[in-house]
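Trainee:
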Ligand code: URA
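Shown next, in the form of structure tokens:
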């Protein structure tokens, strides 16, 4: 049999395949041993088998551990912030915020909603157009999917949990929040965590998770494992807006949500899908 290609051709092909596999990993496909042939579409599985042992997995450290700024450092930015002890006090402290360049562009500051004593807190990126209009996080299409995860997946209600974002004002044209905007707003999100003191945080999407964990690792590598934020377990998972574009990855989010349910002692239905 003749050789079907020159060595450089084979090297180029190998590199292309490696890039492709890496791309699939970035998109969240797991369990790809080197050299395996993979299909682009993840199979749709209504109710995937629980992928891990029944006991909740231990907390793992982030691939690039970088400690979150100490509380004192965060709060020295806004003297008095550390004295706020309820969400109402924190909201009053934030007031008619003019601390960053997003302020003049917003219709409403989107603080957060839900149970101030929630065991479960969801943290997203920042408000979109619907949220800006209503002053409430996750009320648009992505929000409806989050609500489905909470209600249909976890058998909870939105008022059982607490929902907020890293930044409280909508970036124009739904662009990513910029570093100075995050720096200005982050102390408020950290104070929300300290006041609510949830048992578990679910970080929604690359931006929120990277901002909270202070890492640059892609969400596909962070999700599915426990991390820690100020002594609280955090499970990163894909953003609902990503799931609207990639419904095949709902199975991965469902696996992450099941880990959360185990820690919270919520029974996992034998057949369910968010
Ligand atoms: N996306 C987010 O990250 N947060 C919202 O509140 C809405 C959409």
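In our numbering, the protein residues as written are 3 to 276. All C-beta atoms, glycine included, are put in the ideal place defined by N, C-alpha and C. Keep in mind that this is a model prediction, so the values were computed, not measured.
How far does the alpha helix (DSSP H) with residue 247 in it reach, from first residue to last?
Mentor: The sequence position of residue 247 within the chain shown is 245, counting from 1. Looking at the DSSP string, the run of the alpha helix (DSSP H) that includes residue 247 is 242 to 247.
Trainee: Measuring only the C-alpha atoms, how far is residue 211 from residue 160?
Mentor: Here residue 211 is taken as the residue at index 209 of the chain shown, counted from 1. Here residue 160 is taken as the residue at index 158 of the chain shown, counted from 1. Using only the alpha carbons, I get a separation of about 21 angstroms.
Trainee: One question on the structure: do residue 234 and residue 156 come within less than 8 angstroms of each other, judged by their Cβ atoms?
Mentor: As a position in the chain shown, residue 234 is number 232, starting the count at 1. As a position in the chain shown, residue 156 is number 154, starting the count at 1. No, the Cβ-Cβ distance between residue 234 and residue 156 is not below 8 angstroms.
Trainee: Compare the C-beta of residue 131 with all C-beta atoms of chain B and state if any pair is closer than 8 angstroms.
Mentor: As a matter of chain content, chain B is missing from the structure shown, which is built from one protein chain.
Trainee: Report yes if the C-beta distance between residue 125 and residue 205 is below 8 angstroms; otherwise report no.
Mentor: Looking up residue 125 in the chain shown gives position 123. Looking up residue 205 in the chain shown gives position 203. In this structure, residue 205 lies closer than 8 angstroms to residue 125 by Cβ.
Trainee: Report whether the distance from the Cβ of residue 243 to the nearest heavy atom of the ligand URA is below 7 angstroms.
Mentor: For the purposes of this step, residue 243 is taken as residue 241 along the chain shown, with counting starting at 1. Answer for residue 243: yes, Cβ within range of the ligand URA.
Trainee: For the alpha helix (DSSP H) that contains residue 227, what are its first and last residues?
Mentor: One-based indexing of the chain shown puts residue 227 at position 225. Neither: residue 227 is in no alpha helix (DSSP H) and is coded neither H nor E.
Trainee: Under 8 angstroms between the Cβ atoms of residue 114 and residue 95?
Mentor: By one-based count along the chain shown, residue 114 stands at place 112. By one-based count along the chain shown, residue 95 stands at place 93. No, Cβ-Cβ distance for residue 114 and residue 95 is not below 8 angstroms.
Trainee: Report whether the distance from the Cβ of residue 124 to the nearest heavy atom of the ligand URA is below 7 angstroms.
Mentor: For the purposes of this step, residue 124 is identified with residue 122 of the chain shown, where counting begins at 1. No, the beta carbon of residue 124 sits no closer than 7 angstroms to any heavy atom of the ligand URA.
Trainee: In this structure, does DSSP put residue 211 in helix, strand or coil?
Mentor: By 1-based counting over the chain shown, the position of residue 211 is 209. It is helical.
Trainee: Round the Cβ separation of residue 111 and residue 194 to the nearest angstrom and send it over; I've been treating them as touching at under 8 angstroms.
Mentor: Within the chain shown, the letter at position 109 stands for residue 111. Within the chain shown, the letter at position 192 stands for residue 194. With a Cβ gap of about 13 angstroms, residue 111 and residue 194 do not count as contacting.
Trainee: Quick check: what's the CA-CA separation for residue 36 versus residue 104?
Mentor: Counted from its first residue, the chain shown places residue 36 at position 34. Counted from its first residue, the chain shown places residue 104 at position 102. Residue placement at residue 36 is flagged as unreliable, the pLDDT there being 37, under the threshold of 50; the coordinate-derived value follows with that caveat. Their backbone Cα atoms lie some 45 angstroms apart in a straight line.
Trainee: Assuming residue 123 and residue 168 are in contact, meaning their beta carbons sit under 8 angstroms apart, how far apart are those beta carbons, in whole angstroms?
Mentor: As a working note, residue 123 is residue 121 in the chain shown. As a working note, residue 168 is residue 166 in the chain shown. Not quite, the Cβ-Cβ distance comes to about 12 angstroms (not below 8 angstroms), so this is no contact.
Trainee: Can you name the start and end residues of the alpha helix (DSSP H) that residue 93 belongs to?
Mentor: Taking the chain shown and counting its residues from 1, the one referred to as residue 93 is at position 91. Residue 93 -> alpha helix (DSSP H) spans 89 to 96.
Trainee: Does the structure place the stretch 240 to 260 close enough to the stretch 143 to 152 that three or more beta carbon pairs sit under 8 angstroms?
Mentor: Contact holds: three or more Cβ-Cβ distances are below 8 angstroms.
Trainee: Whole-angstrom Cβ separation of residue 209 and residue 179, contact assumed at under 8 angstroms?
Mentor: Here residue 209 corresponds to residue number 207 of the chain shown, with the count starting at 1. Here residue 179 corresponds to residue number 177 of the chain shown, with the count starting at 1. So it is a contact: roughly 7 angstroms between Cβ atoms.
Trainee: State yes or no: is the C-beta of residue 102 within less than 8 angstroms of the C-beta of residue 182?
Mentor: As a first step, residue 102 must be located in the chain shown, where it is residue number 100. As a first step, residue 182 must be located in the chain shown, where it is residue number 180. Going by C-beta atoms, residue 102 is nearer than 8 angstroms to residue 182.
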